[in-house]
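J.: What follows is a structure written as structure tokens; I'll ask about it next.
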Amino acid sequence: MRLRHRRALAGIAVATLASTAAAGPVQASPRPPDLDKVPVATGYGGAVATVDLDATRVGLEVLRKGGNAVDAAIAAAATLGVTEPFSAGIGGGGFLVYYSAKDRKVYTIDGREAAPMSMGETAFVDPATGLPYAFQEARVSGIAAGVPGTLATWEKALRKWGTTDLADALRPAAKVADRGFVVDTTFRTQISDNAAAFGQFSSTSALYLPGGLPPEAGSVFRNPDLADTYREIARHGPGAFYRGAIARDIVDTVQHPPVADVPIGAWAYPIRPGTMALSDLSAYQVRTPQPTRVSYRGYDVYGMPTPSSGGQAVGEALNILEQTDLSALTRTEALHRYLESSALAFADRNRFVGDDTPRPLLEQLLSDGFAKERACLINPAQALVKPVAPGEPDGSYGGCAAAAPSPAVTEGQSTTNLTVADRWGNVVEYTLTIEQTGGNGMVVPGRGFLLNNEMTDFNFTPTQGSAPDPNLPGPGKRPRSSMSPTIVLADGKPFLAVGTPGGSTIITTVLQILVNRLDLGMTLPEAVAAARATQRNTAAVLAEAGFAPDIPGLTALGHTFAASPEIGAATGIEFLGHGRLLAAAEPVRRGGGSAGVLWPVPVS
Numbered sequence: 001m002r003l004r005h006r007r008a009l010a011g012i013a014v015a016t017l018a019s020t021a022a023a024g025p026v027q028a029s030p031r032p033p034d035l036d037k038v039p040v041a042t043g044y045g046g047a048v049a050t051v052d053l054d055a056t057r058v059g060l061e062v063l064r065k066g067g068n069a070v071d072a073a074i075a076a077a078a079t080l081g082v083t084e085p086f087s088a089g090i091g092g093g094g095f096l097v098y099y100s101a102k103d104r105k106v107y108t109i110d111g112r113e114a115a116p117m118s119m120g121e122t123a124f125v126d127p128a129t130g131l132p133y134a135f136q137e138a139r140v141s142g143i144a145a146g147v148p149g150t151l152a153t154w155e156k157a158l159r160k161w162g163t164t165d166l167a168d169a170l171r172p173a174a175k176v177a178d179r180g181f182v183v184d185t186t187f188r189t190q191i192s193d194n195a196a197a198f199g200q201f202s203s204t205s206a207l208y209l210p211g212g213l214p215p216e217a218g219s220v221f222r223n224p225d226l227a228d229t230y231r232e233i234a235r236h237g238p239g240a241f242y243r244g245a246i247a248r249d250i251v252d253t254v255q256h257p258p259v260a261d262v263p264i265g266a267w268a269y270p271i272r273p274g275t276m277a278l279s280d281l282s283a284y285q286v287r288t289p290q291p292t293r294v295s296y297r298g299y300d301v302y303g304m305p306t307p308s309s310g311g312q313a314v315g316e317a318l319n320i321l322e323q324t325d326l327s328a329l330t331r332t333e334a335l336h337r338y339l340e341s342s343a344l345a346f347a348d349r350n351r352f353v354g355d356d357t358p359r360p361l362l363e364q365l366l367s368d369g370f371a372k373e374r375a376c377l378i379n380p381a382q383a384l385v386k387p388v389a390p391g392e393p394d395g396s397y398g399g400c401a402a403a404a405p406s407p408a409v410t411e412g413q414s415t416t417n418l419t420v421a422d423r424w425g426n427v428v429e430y431t432l433t434i435e436q437t438g439g440n441g442m443v444v445p446g447r448g449f450l451l452n453n454e455m456t457d458f459n460f461t462p463t464q465g466s467a468p469d470p471n472l473p474g475p476g477k478r479p480r481s482s483m484s485p486t487i488v489l490a491d492g493k494p495f496l497a498v499g500t501p502g503g504s505t506i507i508t509t510v511l512q513i514l515v516n517r518l519d520l521g522m523t524l525p526e527a528v529a530a531a532r533a534t535q536r537n538t539a540a541v542l543a544e545a546g547f548a549p550d551i552p553g554l555t556a557l558g559h560t561f562a563a564s565p566e567i568g569a570a571t572g573i574e575f576l577g578h579g580r581l582l583a584a585a586e587p588v589r590r591g592g593g594s595a596g597v598l599w600p601v602p603v604s
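For the sequence shown, the working numbering assigns the number 1 to the initial residue and increments by one for each residue that follows.
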């Protein structure tokens, strides 16, 4: 996923677009004036923060017309499926966390992609060699595609909590797809980076590599096939996607990848078909599990349970950190504990968390007793040797076991995130994805959307030695995720909502923002903008360039660092009291995000 600063054309009459029905890029003439894109906004009446200007604008318009947070979030998410197609869309899945002002409760929707019922533990093992496929061989294949859950998430959220229907929510996004948006350098770069994979498929290259090249920055990109797909779903409901003509097209794409007669560029691997069936699509159901919850410094922090590891890892790390008053420490001492708690939580994530993790085990991982036992391993004067071993969440706590080495596991980086609040106090935190940037590389012919490669979030082979691996493939199983949409309540009312893309760095990004805001005295915009470092139980801490001033002190404690150009791309909303909202998005990372409120007031 990447963020793009673009000029939106939706709602603007452009003569050159009215005269053509072709997909892909056309030249914009004249280009419309820039619409405001700002990373921070304060005010009243509702707020939206997304990775994209178009999506934020659409969400605010829904709120302006009287829609609630769910209505606005789904309309914004559908728009991201148009303007951020390499990160999200109806070919993928995600997790939604919702605070209901009426009930004063937090709810979740698990719209994670599901494995076909034909998928077994060795799905990613080459039968000819007995070895796991190379990642790119597995990714760009029909095997990688899971049954998409995004559309079912939208339908479920609107039916449970919305005031409008799916047809209304899709209408603004269809207009954006029809009328187009102006390509920027990041959009073009994403296609260039995927050119070899995209070029293997006739449908993908026709849309994203017209004439064999990515669209030029400054051209207008249209996707009328996606607009038509949205309108078909609007007319016939989600059944068209899960049981009708669109479902048949998805299955045909998975089972018979649309390999080009004359591919653009070389690809080192065979394009392997998958086994997804119509019955897999028709059987798909979202889940509505109880959220995870931990108490931290007097706040209640809610997140996603399994198959996401976000609620567990963020919550466990917070429980470990709560054993120390971070505000009384030096910055180096506080960051040392942040890094160590992250490593410990990741060790437990990798060992215990998967789709089938029993809820009682999840509750033990989030218990105060387990956190105290893990926290006692942290040496204020010396970093633990990484990777550390998982703990024993058995309900019997009090010891301080040795932190022996354990396997480290990570995942892809591509996702998108949005945060919405309305005038009534409802809040949506929603993270959605198609996994890698560009998913599995296959545009469903005639439908205008990419399929996910989410099945590659499973472990290809066992990673836990003689112990059971919780994240191996299986029939109908959902792969472990790091998506961490998080809502924080104070005295039962919303205080903060935050989420981010970034693969397994999602967990540490959300955790670091919470620590920055709740412990280290930063405002939400400062917490989002601050330089990041991520420790995922690996030998080295990945750190952004801006984190450099903190590295010498942490190196003296035994931490090892490696450079990362960018970590995460967060959005968030804070409730300032008396109805005033603060919406925050990235000021710089990946081009900067877009935050807006209905009735702006100056920042005080």
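Cβ atoms here follow ideal geometry from the backbone N, Cα and C, with glycine treated the same way.
(1) In chain order, which continuous runs of the beta strand (DSSP E) of length 3 or greater are located wholly inside the segment 119-179?
(2) Name the residue from 267, 54, 254 and 550 whose alpha carbon lies nearest to the alpha carbon of residue 444.
(3) Around the C-beta of residue 19, are 16 or more other C-beta atoms found within 10 angstroms, so that it is buried, or is it exposed?
(4) Between the beta-carbon of residue 332 and the beta-carbon of residue 108, is there less than 8 Å?
(5) For residue 69 and residue 49, I'd like the C-alpha separation in whole angstroms.
(6) Less than 8 Å between the beta carbons of residue 77 and residue 62, yes or no?
(7) Taking the beta carbon of residue 31 as the centre, do at least 16 other beta carbons fall within 10 Å, making it buried, or is it exposed?
(8) Using CA atoms only, rank isn't needed, just tell me which of 417, 162, 65 and 553 is closest to residue 598.
(9) How do the segment 158-177 and the segment 468-481 stand: do at least 3 beta-carbon pairs fall below 8 Å, yes or no?
(10) Please give me, in chain order, every unbroken run of the beta strand (DSSP E) with length at least 3 that falls completely inside the segment 424-480.
(11) Go ahead and pull the three-state DSSP assignment for residue 272.
(12) Smallest Cα separation from residue 655: which of 181, 155, 280 and 509?
(13) CB-CB under 6 Å to residue 203, same chain, minus the five flanking residues each way: which ones, in chain order?
(14) With residue 96 as the anchor, note down where its beta strand (DSSP E) starts and where it stops.
(15) Name the two residues that bound the continuous alpha helix (DSSP H) containing residue 79.
(16) Of the choices 578, 555, 520 and 45, whose alpha-carbon is the least far from that of residue 324?
(17) CA-CA distance, residue 359 and residue 447?
(18) Determine the direct distance from the alpha carbon of residue 515 to that of residue 29, and round the result to whole angstroms.
(19) Quick one: what's residue 301 bridged to in DSSP?
(20) Measuring only between beta-carbons, confirm whether residue 339 sits less than 8 Å from chain D.
(21) Cutting at 7 Å between CB atoms, please list the residues of its own chain near residue 192, excluding the five before and the five after it.
(22) Report back the beta-carbon spacing between residue 419 and residue 429 to the nearest angstrom; my notes put them in contact at under 8 Å.
(23) Apart from the five residues on each side of it in sequence, which residues of its chain come closer than 7 Å, Cβ to Cβ, to residue 587?
(24) With a cut-off of 8 Å on the beta carbons, I'd call residue 181 and residue 83 a contact; round off their distance for me.
(25) Would you call the segment 127-136 and the segment 82-97 in contact, with 3 or more CB pairs under 8 Å?
(26) Which stretch, first to last residue, makes up the beta strand (DSSP E) that contains residue 417?
(27) Could you give the C-beta distance for residue 153 and residue 286, rounded to a whole number, given that I count them as a contact under 8 Å?
(28) Alpha carbons only, please: which of 239, 246, 252 and 187 is nearest the one belonging to residue 221?
(29) Would residue 295 and residue 243 qualify as a contact pair, given that the criterion is a beta-carbon distance under 8 Å?
(30) Do residue 417 and residue 545 have their C-beta atoms within less than 8 Å of each other?
(31) In or out: residue 211 buried (at least 16 other Cβ within 10 Å) or exposed?
(32) Looking only at its chain, what residues have a beta carbon closer than 6 Å to the beta carbon of residue 518, apart from the 5 residues adjacent to it on each side?
(33) Are there three or more Cβ pairs, one per stretch, closer than 8 Å when the segment 357-374 is compared with the segment 486-496?
(34) Per DSSP, residue 105 is paired with what?
(35) Return helix, strand or coil for residue 197, following the three-state DSSP convention.
(36) Tell me the DSSP secondary structure of residue 532 in three-state form.
T.: Taking the definition as stated:
(1) For the segment 119-179, not one full-length beta strand (DSSP E) segment reaches 3 residues or more.
(2) The count along the sequence shown starts at 1 and reaches residue 444 at position 444. Closest option to residue 444, judged by alpha-carbon separation, among 267, 54, 254 and 550: 254.
(3) As a first step, residue 19 is located in the sequence shown; it is residue number 19 there, counting from the start. Reliability of the predicted coordinates at residue 19 is poor, the pLDDT of 29 falling under 50, and the value obtained from them is presented with this limitation in mind. With fewer than 16 other Cβ atoms within 10 Å, it is exposed.
(4) Your numbering for residue 332 matches position 332 in the sequence shown. Your numbering for residue 108 matches position 108 in the sequence shown. No, the pair does not count as a contact, with Cβ atoms beyond the cut-off.
(5) In the sequence shown, residue 69 corresponds to position 69, counting from 1. In the sequence shown, residue 49 corresponds to position 49, counting from 1. Looking at the backbone, the Cα of residue 69 and that of residue 49 are separated by about 12 Å.
(6) Position 77 of the sequence shown holds residue 77. Position 62 of the sequence shown holds residue 62. No, they are not a contact pair.
(7) Reading the sequence shown from its first residue, position 31 is the one you call residue 31. Only weak support exists for where residue 31 lies, its pLDDT of 33 falling under 50; the value from the coordinates is given anyway. By the 10 Å Cβ count, residue 31 comes out exposed.
(8) Within the sequence shown, numbered from 1, the residue matching residue 598 stands at position 598. Ranking the options by Cα distance to residue 598, first place goes to 65.
(9) Pairwise C-beta distances place the segment 158-177 out of contact with the segment 468-481, as fewer than three of them are shorter than 8 Å.
(10) For the segment 424-480, whole beta strand (DSSP E) runs of length 3 or above, ordered along the chain, are 427-433.
(11) Position 272 of the sequence shown holds residue 272. Residue state for residue 272 is assigned as coil, using DSSP reduced to three classes.
(12) Residue 655 cannot be examined here, being either before or after the span of the chain that is shown, 1 to 604.
(13) Taking the sequence shown and counting its residues from 1, the one referred to as residue 203 is at position 203. For residue 203, where only same-chain residues beyond five positions count, the Cβ hits under 6 Å are 258, 443 and 445.
(14) Here the question's residue 96 lines up with position 96 in the sequence shown. It spans 93-100 - the beta strand (DSSP E) in which residue 96 sits, taken as one unbroken run.
(15) In the sequence shown, the residue the question calls residue 79 occupies position 79. It spans 69-83 - the alpha helix (DSSP H) in which residue 79 sits, taken as one unbroken run.
(16) To locate residue 324, count along the sequence shown from 1; it is residue 324. The residue among 578, 555, 520 and 45 with its C-alpha nearest the C-alpha of residue 324 is 520.
(17) Here residue 359 refers to the residue found at position 359 when the sequence shown is read from its first residue. Here residue 447 refers to the residue found at position 447 when the sequence shown is read from its first residue. Each residue's alpha carbon lies about 39 Å from the other.
(18) For the purposes of this step, residue 29 is taken as the residue at position 29 of the sequence shown. For the purposes of this step, residue 515 is taken as the residue at position 515 of the sequence shown. The predicted position of residue 29 is uncertain, since its pLDDT is 35 and thus under 50; a value taken from the coordinates is nonetheless stated next. When rounded, the distance between both Cα atoms is 47 Å.
(19) Counting from 1 along the sequence shown, the entry for residue 301 is found at position 301. Its beta-bridge partners are 294 and 488.
(20) The chain labelled as chain D is not found in the depicted structure, where only one protein chain is given.
(21) By one-based count along the sequence shown, residue 192 stands at place 192. 214.
(22) Taking the sequence shown and counting its residues from 1, one reaches residue 419 at position 419. Taking the sequence shown and counting its residues from 1, one reaches residue 429 at position 429. At roughly 5 Å, the Cβ-Cβ gap stays under 8 Å, so residue 419 and residue 429 are in contact.
(23) Taking the first residue of the sequence shown as position 1, residue 587 is located at position 587. Leaving aside the five residues that flank residue 587 on each side, the residues in its chain whose CB is nearer than 7 Å to its CB run, in chain order, 39 and 529.
(24) The count along the sequence shown starts at 1 and reaches residue 181 at position 181. The count along the sequence shown starts at 1 and reaches residue 83 at position 83. That belief holds up - the Cβ atoms of residue 181 and residue 83 are roughly 6 Å apart, short of 8 Å.
(25) Contact between the segment 127-136 and the segment 82-97 is absent, because fewer than three Cβ pairs lie under 8 Å.
(26) Residue 417 sits at position 417 when you count from the first residue of the sequence shown. In this chain, the beta strand (DSSP E) harbouring residue 417 covers 416-422.
(27) For the purposes of this step, residue 153 is identified with residue 153 of the sequence shown, where counting begins at 1. For the purposes of this step, residue 286 is identified with residue 286 of the sequence shown, where counting begins at 1. About 6 Å separates the two Cβ atoms, so the contact holds.
(28) The sequence position of residue 221 within the sequence shown is 221, counting from 1. Between residue 221 and the set 239, 246, 252 and 187, the nearest pair of CA atoms involves 187.
(29) Position 295 of the sequence shown, counted from the first residue, corresponds to residue 295. Position 243 of the sequence shown, counted from the first residue, corresponds to residue 243. Result no, Cβ atoms of residue 295 and residue 243 do not sit closer than 8 Å.
(30) Against the sequence shown, residue 417 aligns to sequence position 417. Against the sequence shown, residue 545 aligns to sequence position 545. Inclusion of residue 417 and residue 545 in the CB contact set at 8 Å is not warranted, their separation being larger than that value.
(31) Start at 1 with the first residue of the sequence shown, and residue 211 comes out as number 211. Label assigned to residue 211: exposed.
(32) Counted from its first residue, the sequence shown places residue 518 at position 518. Hits under 6 Å: 297.
(33) By the criterion of at least three beta-carbon pairs nearer than 8 Å, the segment 357-374 is not in contact with the segment 486-496.
(34) Along the sequence shown, one-based indexing puts residue 105 at 105. According to DSSP, residue pairing for residue 105 in a beta bridge involves 100.
(35) If you number the sequence shown from 1, residue 197 lands on position 197. Residue 197: helix per DSSP, three-state reduction.
(36) Start at 1 with the first residue of the sequence shown, and residue 532 comes out as number 532. Of the three classes helix, strand and coil, the one that applies to residue 532 here is coil, per DSSP.
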